[in-house]
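Below: the structure, in structure tokens.
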Amino acid sequence: MKKGLVAYNNYQVASLRIFFSFILLLPLSVRNLKRITGKTIIPLLIVGYLGIAIPALLFTTAQTFIDSSLAGMLNSMTPFFTLLVGLFFYRTKLRILKITGVIIGLIGAAGLIVNDFTNFLDTINWYAAIVLLATLCYGISINEIKARLSHLNGIEITSLSVLFIGPVASVYLLFSDYSAVVQSNEKWSSLFYIFLLAAFCSVFALIIFNNMIRYT
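In our numbering, the protein residues as written are 34 to 249.
Here is the structure:
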């Protein structure tokens, strides 16, 4: 993301990431179209936007102001929000080890975000909080996959959810302002890094991740 942000703004990086994922997955999306039914279309939309598109934008926006290492550490809050959303909206059963783990994670995240607990609102890193919002989106998406899409495999879930967000990203890119990009000497290298981001983090990793959620 950091390499992509050298030449492109946060909206362009997120949109290009989605667009490249859309193109890479398009043959699989077309092949799996028959898996879209009245019962799966809403969950796939939720996974597409809350599990991929919105977090991609939120992470890229946050990374314009915070370090990649901090963003990566805060991403570990995903299990906390997955458990919280599951508890209140998906009737997930609680286990003591799960509760202990997420509480430890919550304390760690609070320490990373707030510089001075005696003056909470003035010292909170709001860009780090944006990452937490992204992990909340992940938590909703994960529960949706487990509850309503467990009959689909990782390739089907990923390809079909990206199918719903790819055209939106394409339209944005079509009307985006590239004046600053044209003047950058790093535009091609940044584009290459965004392509790598799409191929490995939005395609390959998501296929594995979404498939794993079916069994865990």
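Glycine included, every Cβ here is placed at the ideal spot set by N, Cα and C.
Burial state of residue i, where buried means 16 or more other Cβ atoms lie within 10 Å
i, result
"Thr133", "exposed"
"Leu224", "buried"
"Leu127", "exposed"
"Thr156", "In this prediction, Thr156 has a pLDDT of 48, which is less than 50 and means its spatial position is unreliable; what the coordinates show is noted afterwards. The residue in question, Thr156, is exposed, as its Cβ has fewer than 16 Cβ neighbours within 10 Å."
"Ser183", "exposed"
"Met245", "exposed"
"Asn65", "buried"
"Ile307", "What is shown of the chain runs 34 to 249, which leaves residue 307 out entirely."
Range covered by the alpha helix (DSSP H) that runs through residue i
i, result
"Ser212", "Ser212 to Gln216"
"Arg247", "Per DSSP, Arg247 belongs to no alpha helix (DSSP H) and is neither H nor E."
"Glu189", "Gly187 to Leu207"
"Phe113", "Thr111 to Phe122"
"Met106", "Ser101 to Leu107"
"Tyr226", "Lys220 to Leu230"
"Leu91", "Ile87 to Ala95"
Residues near residue i in its chain [Cβ-Cβ closer than 6 Å; skip 5 each side]
i, result
"Leu230", "Arg50"
"Cys170", "Leu83, Ile87 and Pro88"
Residues that residue i bridges to, as DSSP identifies them
i, result
"Val46", "Looking at the DSSP assignment, Val46 forms no beta bridge with any residue, so it has no partner."
Cutoff 8 Å; reference residue i; Cβ partners in own chain excluding five residues on either side
i, result
"Leu117", "Val135 and Gly172"
"Lys72", "Arg181"
"Ser209", "Tyr44, Gln45 and Ser48"
Residues near residue i by beta carbon distance below 7 Å, same chain, minus five either side
i, result
"Gly138", "Ser109, Met110, Pro112 and Phe113"
"Ala104", "Phe92, Ala95, Gln96 and Val164"
Three-state secondary structure (DSSP) of residue i
i, result
"Asn65", "coil"
"Glu177", "helix"
"Ala167", "helix"
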